[in-house]
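Heads up: the structure comes next, in structure tokens.
Residue numbers (my numbering), protein chains in the order written: chain A, 7 to 162; chain B, 7 to 162.
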């Protein structure tokens, strides 16, 4: 069984998005070990943006499992169809990578150091989403991927 | 002031998504006349898929304002960046199109007749979203577009 880990800087503040994320976390638990880790917020007011991004990045890097295959959401990353994403997860699994860690940056995005560590950079869309909405979209897509793999009717 | 109309077949069942849609509807009201019209659900169990799609399409076509510029969400449509979408809305407005109607299909998508009527087909992503999530993503993108036009900090 795959181990899916989601690392998010700061809790999901928008209540309806937090509910959606939690809904898909529970549904995904049918298919994989799922853990959502919310990192301590490093955004006290007054810090310059670059400093916030750097600290968020350091907190992420410090929490990464060395064995993890790291997928970072990045507007400059690859766009995939849902079927391709499902296939990609299958390829990783077949290659013996059983620990997948998904990273979504904060409002400022991920630091260059984190992007450099990522094994795969994924773009959800040409459109820009809020980082909190990206969390929900990501969870739904991963749930969709497992449904595609399992051949359920969810994705039809 | 632009008139923005959203036509959805059936109410948004997932409560957290309905809350998000309503949140952005309210926020958009600062920038435009906004109306979300939920069409009567034509999905009693047992109807074949083609029939449901056709009836949903007919209900949509019957409700369209003849003056409306119609934007249909369609996986086969054009993908735009958020900035391009904002620019496109500006182009329509400059061309005297003040009534924009956005269509999101039901679980089965929009009928060929509806897609044929559309002035613009928009794809949100190569990824497939549920039609209810597409509603939320669309509302947020339109809100984002107006923030880009207004030069607020929302989209930074």
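By construction, the Cβ of each residue, glycine as well, lies at the ideal position given by its N, Cα and C atoms.
- The CB of residue 161 (chain B) comes closer than 8 Å to the CB of 134 in chain A, given here in chain order.
- Using a 10 angstroms sphere on the CB of residue 110 (chain B), the tally of other CB atoms reaches 16 or more, which defines it as buried.
- CA-to-CA, the gap between residue 61 (chain B) and residue 9 (chain B) works out to about 26 Å.
- Contact residues of the stretch 36-69 of chain A toward chain B are absent (C-beta to C-beta distance below 9 Å).
- The beta-carbon of residue 150 (chain B) is placed less than 9 Å from the nearest beta-carbon of chain A.
- Counting of Cβ neighbours within 10 angstroms places residue 132 (chain B) among the buried residues, the total reaching 16 or more.
- Taking 9 Å as the CB threshold, residue 95 (chain A) stays off the interface with chain B.
- Residue 85 (chain B) carries a strand assignment under DSSP once its states are collapsed to helix, strand and coil.
- Under the 9 Å criterion on CB atoms, residue 18 (chain B) is classed as non-interfacial with respect to chain A.
- Taken in chain order, the unbroken stretches of alpha helix (DSSP H) that lie wholly in the stretch 77-153 of chain B and span 4 residues or more are 88-100 and 118-123.
- With the rule of 3 Cβ pairs closer than 8 Å, the stretch 116-123 of chain A counts as touching the stretch 73-81 of chain A.
- Between residue 105 (chain A) and the set A:65, A:48 and A:41, the nearest pair of CA atoms involves A:41.
- Only residues of its own chain outside the window of five on either side were considered, and among them 14 and 17 have a CB closer than 6 Å to the CB of residue 44 (chain A), listed in chain order.
- In terms of beta-carbon proximity, residue 85 (chain A) lines the interface with chain B, with at least one pair separated by less than 9 Å.
- If you keep only unbroken beta strand (DSSP E) runs of at least 3 residues inside the stretch 27-83 of chain A, you get 39-45.
- Distance between residue 30 (chain A) and residue 12 (chain B), taken at the CA atoms: about 26 Å.
- Interface annotation, residue 29 (chain A): in contact with chain B, CB-CB separation under 9 Å.
- Only those residues of the stretch 137-148 of chain A whose C-beta falls short of 8 Å from the nearest C-beta of chain B are listed: 139, 142, 143, 146 and 147.
- Around the Cβ of residue 19 (chain A), a 10 Å sphere holds fewer than 16 other Cβ atoms; the residue is exposed.
- Residue 13 (chain B) carries a strand assignment under DSSP once its states are collapsed to helix, strand and coil.
- Here DSSP, grouped into helix, strand and coil, assigns residue 19 (chain B) to coil.
- At least 9 Å separates the beta-carbon of residue 138 (chain B) from that of residue 21 (chain A).
- Residue 88 (chain A) counts as buried, since at least 16 other C-beta atoms from the protein chains shown sit within 10 angstroms of its C-beta.
- Using a 10 angstroms sphere on the CB of residue 158 (chain B), the tally of other CB atoms stays under 16, which defines it as exposed.
- Between residue 131 (chain B) and chain A, the shortest Cβ-Cβ separation is below 9 Å.
- Counting other Cβ atoms within 10 Å of its Cβ, residue 39 (chain B) stays below 16 and is therefore classed as exposed.
- At a beta-carbon threshold of 8 Å, the residues of chain B lying near residue 23 (chain A) are 22 and 26, ordered along the chain.
- Around the beta-carbon of residue 63 (chain B), 16 or more other beta-carbon atoms lie within 10 Å, marking it buried.
- Contacts with chain A at 9 Å (Cβ-Cβ) do not include residue 117 (chain B).
- When the beta-carbon positions are compared, residue 148 (chain A) and residue 112 (chain A) stay at least 9 Å from each other.
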